[in-house]
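Enquirer: Below are the structure tokens for one structure; questions will follow.
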Amino acid sequence: MNDTIRSHSPRAFHIMVKPSGAVCNLDCKYCYFLSKERLYPGSAFRMPDDVLEDFTRQYIAAQRVPVVTFGWQGGEPTLMGVDFFRKAVEYQEQYRRSGMRMVNTLQTNGTLLDDEWCAFFREHNFLIGVSIDGPPTLHDAYRVDKGGHPTLDRVLAGVNLLKKHGVEFNTLTTVHAANVDHPLAVYRFLRDQVESRFMQFIPIIERDNDTGYQEGEQLTDRSVTGEQYGRFLIDIFDEWVYRDVAHVSVQLFEVALAAWLGRRPGLCVFEKTCGAAMVLEHNGDLYTCDHFVEPRCFLGNIAETPLADLAGSEQQQQFGHAKRDTLPRMCRECEVRFVCNGGCPKNRVLHTPEGEPGLNALCAGYKAFFTHIDRPMQLMANMLRAEQSPADIMLFLAQEQVELERQFKMVGRNDPCPCGSGLKFKHCHGRRQNYKPPRKSR
Ligand code: SF4
Ligand code: SF4
């Protein structure tokens with residue numbers, strides 16, 4: 004195999020590896036990947052050693068950056084057993100070029116973790132993502148095992164083992180019909196009980212069809228609406244920005260701050276184009292993206308065509324550019340496009356009011372959320388430009404709140420609200436049930 008880097012292959016790209024394919028020990032109701040088992044009938048769904056070695060060698064050779072990230076996912080990757088990952092780390096060391104650093108991330112449901120796993124993760128500095136959807140009734144609504152039983156207790160046992168061994172972990176929370184109306188219960192559970200210091204919130208937009216592919220415009224009942232998702236994010240943001248900026252990272256808030264600073268978001272959903280994050284199946288098959296593991300998005304097998312060629316192929320480039328080139332006019336003219344970029348193409352199932360296809364199902368939520376956070380984002384971006392910590396916003400907002408409370412006591416019900424909303428006080432902050440404005444003296 005020729006490892007020469009072609010000029011059209013990207014400088015760096017990310018591969019999400021599925022060593023056990025779609026196989027999982029759980030049966031989460033909204034999982035988009037379980038149906039992918041049908042693509043490989045009769046398969047044992049275990050990545051053979053020669054595929055692991057070939058992939059590692061090609062992947063490292065194709066990168067023109069000093070840090071190479073291996074993202075292990077599933078199905079449930081821990082079904083492969085610890086020895087598979089010991090071998091993976093050995094191959095990384097074998098093919099690593101001088102000055103290169105290897106990073107391993109692994110997404111798990113957490114239920115199979117034990118001391119051996121956690122000691123291994125700690126020794127090799129794996130960053131572990133744990134899937135967890137909130138407190139018991141919200142998590143267990145959809146995240147059940149093959150027998151339909153709840154799983155949260157087992158997930159929390161896994162999290163406790165990660166903590167015991169000092170393994171770095173973050174949480175991935177899917178936002179769905181069962182938890183979307185409980186944003187603060189979810190957030191506070193993750194912050195206070197799970198002690199997650201890096202949170203991701205992934206909305207469920209699930210097409211209702213028999214193929215499991217991204218086709219059809221009908222969504223399942225488990226999906227969220229844009230409005231619901233926007234409210235979910237706003238409520239969490241408002242709690243976070245007043246008290247947690249210094250010690251909790253929320254991926255979407257970081258992405259937004261990057262956009263307000265004029266930087267790239269670092270998350271494919273909000274990039275202008277796609278195409279730099281592919282998926283490797285257990286047998287060496289490569290697909291355009293985790294959400295498009297389906298025949299029309301099959302790029303080739305890395306045993307037959309070099310990985311770098313597949314990553315830089317015309318097909319992959321077209322897939323990536325389509326995200327930008329198919330944006331409806333409503334997105335092209337939108338004032339929050341600089342941060343939204345129309346969102347993930349897999350969620351573009353709506354028509355604009357003018358009837359153009361390709362509008363994101365989450366549009367209303369994105370617009371509401373990105374508009375809501377404009378001022379605090381501007382403040383934090385300015386703090387960073389002034390080489391201050393963005394966490395200083397908490398002190399700033401607290402002082403501002405004290406001043407507002409002082410003004411609320413002075414204002415009449417029909418006066419403009421001091422918060423600057425443009426509404427009368429009685430229709431804005433004056434509506435708070437427990438707030439009794441003082442009577443004006445005659
Ligand atoms: S289709 Fe969606 S998930 Fe896939 S690369 Fe594009 S934005 Fe990311
Ligand atoms: S908020 Fe809506 S209209 Fe604006 S870019 Fe995002 S999806 Fe498009």
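Per the numbering used here, the very first residue in the sequence shown carries number 4; after that it's consecutive. Glycine residues also receive a C-beta, built at the ideal position from the N, C-alpha and C atoms. Note that this is a predicted model, so its numbers are computed, not measured.
With 16 as the cutoff for other CB atoms within 10 Å, does GLN66 come out buried or exposed?
Expert: GLN66 comes out buried.
Enquirer: My guess is that CYS31 and VAL147 are in contact by the Cβ rule of under 8 Å, so how many angstroms apart are they, rounded?
Expert: That pair is a contact at about 7 Å.
Enquirer: How would you call ASN344, buried or exposed, if buried means at least 16 neighbouring beta carbons within 10 angstroms?
Expert: It is buried - the Cβ of ASN344 has at least 16 other Cβ atoms within 10 Å.
Enquirer: Would you kindly work out how many angstroms separate the C-alpha atoms of HIS294 and ALA249, rounded to a whole number?
Expert: Whole-angstrom Cα-Cα distance: 33 Å.
Enquirer: With C-beta atoms as the reference, is GLY215 less than 8 Å away from LYS39?
Expert: Against a cut-off of 8 Å, the Cβ pair of LYS39 and GLY215 comes out as a contact.
Enquirer: Any heavy atom of ligand 2 closer than 7 Å to the beta-carbon of ASN173?
Expert: Checking the Cβ of ASN173 against ligand 2 gives no.
Enquirer: Select from SER199, LEU159, LEU260 the residue whose C-alpha is nearest the C-alpha of MET380.
Expert: Taking only the C-alpha atoms, the option nearest MET380 is LEU260.
Enquirer: Spatial neighbours of PRO440 within its chain, please: CB distance less than 8 Å, with the 5 preceding and 5 following residues excluded, ordered by chain position.
Expert: Low per-residue confidence applies at PRO440: pLDDT is 44, beneath 50, and the placement is therefore not dependable enough to give any value.
Enquirer: Taking the alpha helix (DSSP H) that MET397 falls in, what are its first and last residues?
Expert: Here the alpha helix (DSSP H) through MET397 covers 396–411.
Enquirer: Only counting the same chain, and skipping five residues up and downstream in sequence, which positions put a Cβ closer than 7 Å to that of GLU56?
Expert: Correct list, in chain order: TYR94.
Enquirer: Within its chain, find whatever has a CB closer than 7 Å to the CB of TYR245; leave out the 5 residues flanking it on each side and keep chain order.
Expert: Answer for TYR245: MET397, LEU400, listed in chain order.
Enquirer: Consider the C-beta atom of LEU362 and the heavy atoms of ligand 2; say whether any pair is separated by less than 7 Å.
Expert: Yes; taking the cut-off as 7 Å, the Cβ of LEU362 has a heavy atom of ligand 2 nearer than that.
Enquirer: Helix, strand or coil: how does DSSP classify ARG51 here?
Expert: Correcting the residue identity first, residue 51 is Pro in this sequence and not Arg. Residue state, collapsed to three classes: coil.
Enquirer: Bridge partners of THR174, per DSSP?
Expert: Bridge partners of THR174: VAL133, MET202.
Enquirer: I want to check one thing, is the minimum distance from the CB of MET19 to the heavy atoms of ligand 2 below 7 Å?
Expert: Outside the cutoff, so no.
Enquirer: Please determine, among GLU257, GLU317, LEU115, VAL352, the residue with the shortest C-alpha to C-alpha distance to PHE373.
Expert: If we check each option's Cα against that of PHE373, GLU257 comes out closest.
Enquirer: Report, in whole angstroms, the separation of the C-beta atoms of GLY132 and ASN173, which I expect to be a contact under 8 Å.
Expert: About 5 Å separates the two Cβ atoms, so the contact holds.
Enquirer: Could you check how far apart the C-beta atoms of PHE2 and ALA325 are, in whole angstroms? I think they sit under 8 Å.
Expert: This structure leaves residue 2 out entirely; the chain is present only between 4 and 445.
Enquirer: Using DSSP with H/G/I as helix, E/B as strand and the rest coil, what is SER252?
Expert: Correct three-state label for SER252: strand.
Enquirer: How many angstroms separate the CA atom of VAL71 from the CA atom of GLY102?
Expert: Rounded to the nearest angstrom, the two C-alpha atoms are 11 Å apart.
Enquirer: Return the chain-ordered ranges of every alpha helix (DSSP H) run that is complete within the stretch 331–406 and spans a minimum of 4 residues.
Expert: If we require 4 residues or more, the alpha helix (DSSP H) runs fully inside the stretch 331–406 come out as 332–335, 340–343, 366–375, 377–388.
Enquirer: Could you check which residue in GLY361, GLU403, SER199, TYR290 has the C-alpha nearest to that of ARG335?
Expert: Nearest option by C-alpha distance: GLY361.
Enquirer: For HIS294, which three-state DSSP category applies?
Expert: Looking at HIS294 - three-state DSSP - the assignment turns out to be helix.
Enquirer: Within 7 Å: the Cβ of PRO206 and any heavy atom of ligand 1?
Expert: Because no heavy atom of ligand 1 lies under 7 Å away, the Cβ of PRO206 does not count as near it: no.
Enquirer: What is the C-beta distance between ALA81 and TRP120, in whole angstroms, given that I count them as a contact (C-beta under 8 Å)?
Expert: Sequence check: residue 81 is Thr here, not Ala. Correct: roughly 7 Å between the Cβ atoms.
Enquirer: Does the distance between the C-beta of CYS366 and the nearest non-hydrogen atom of ligand 2 fall short of 7 Å?
Expert: Yes, Cβ of CYS366 sits closer than 7 Å to a heavy atom of ligand 2.
Enquirer: My guess is that ASP238 and PRO206 are in contact by the Cβ rule of under 8 Å, so how many angstroms apart are they, rounded?
Expert: About 14 Å separates the two Cβ atoms, so there is no contact after all.
Enquirer: Tell me the residue span of the beta strand (DSSP E) that contains THR111.
Expert: That run of the beta strand (DSSP E) goes 104–111.
Enquirer: Would you identify the three-state DSSP class for ARG146, choosing helix, strand or coil?
Expert: In this structure, ARG146 counts as coil in the three-state DSSP scheme.
Enquirer: Taking its Cβ as the centre, do 16 or more other Cβ atoms sit within 10 Å of PRO139, making it buried, or is it exposed?
Expert: Under this definition PRO139 is an exposed residue.
Enquirer: Under 7 Å from any heavy atom of ligand 2, does the C-beta of GLY233 make it?
Expert: No, ligand 2 has no heavy atom inside 7 Å of this Cβ.
Enquirer: Go through its chain and collect everything with a Cβ distance to ASP224's Cβ below 7 Å, but skip five positions before and after it.
Expert: The residues are ALA180.
Enquirer: Going by the CB atoms, is the gap between GLY233 and TYR369 shorter than 8 Å?
Expert: Yes, Cβ-Cβ distance for TYR369 and GLY233 is below 8 Å.
Enquirer: May I ask you to check if the CB of CYS292 is nearer than 7 Å to at least one heavy atom of ligand 1?
Expert: Yes, the Cβ of CYS292 comes within 7 Å of a heavy atom of ligand 1.
Enquirer: My guess is that ARG49 and HIS354 are in contact by the Cβ rule of under 8 Å, so how many angstroms apart are they, rounded?
Expert: Actually they do not touch by this definition, with Cβ atoms about 43 Å apart.
Enquirer: Ignore the nearest five residues each way along the sequence and tell me which others in THR7's own chain have a CB closer than 7 Å to its CB.
Expert: Unreliable positioning characterises THR7 in this predicted model, as indicated by a pLDDT of 43, which lies under 50. A coordinate reading is not provided.
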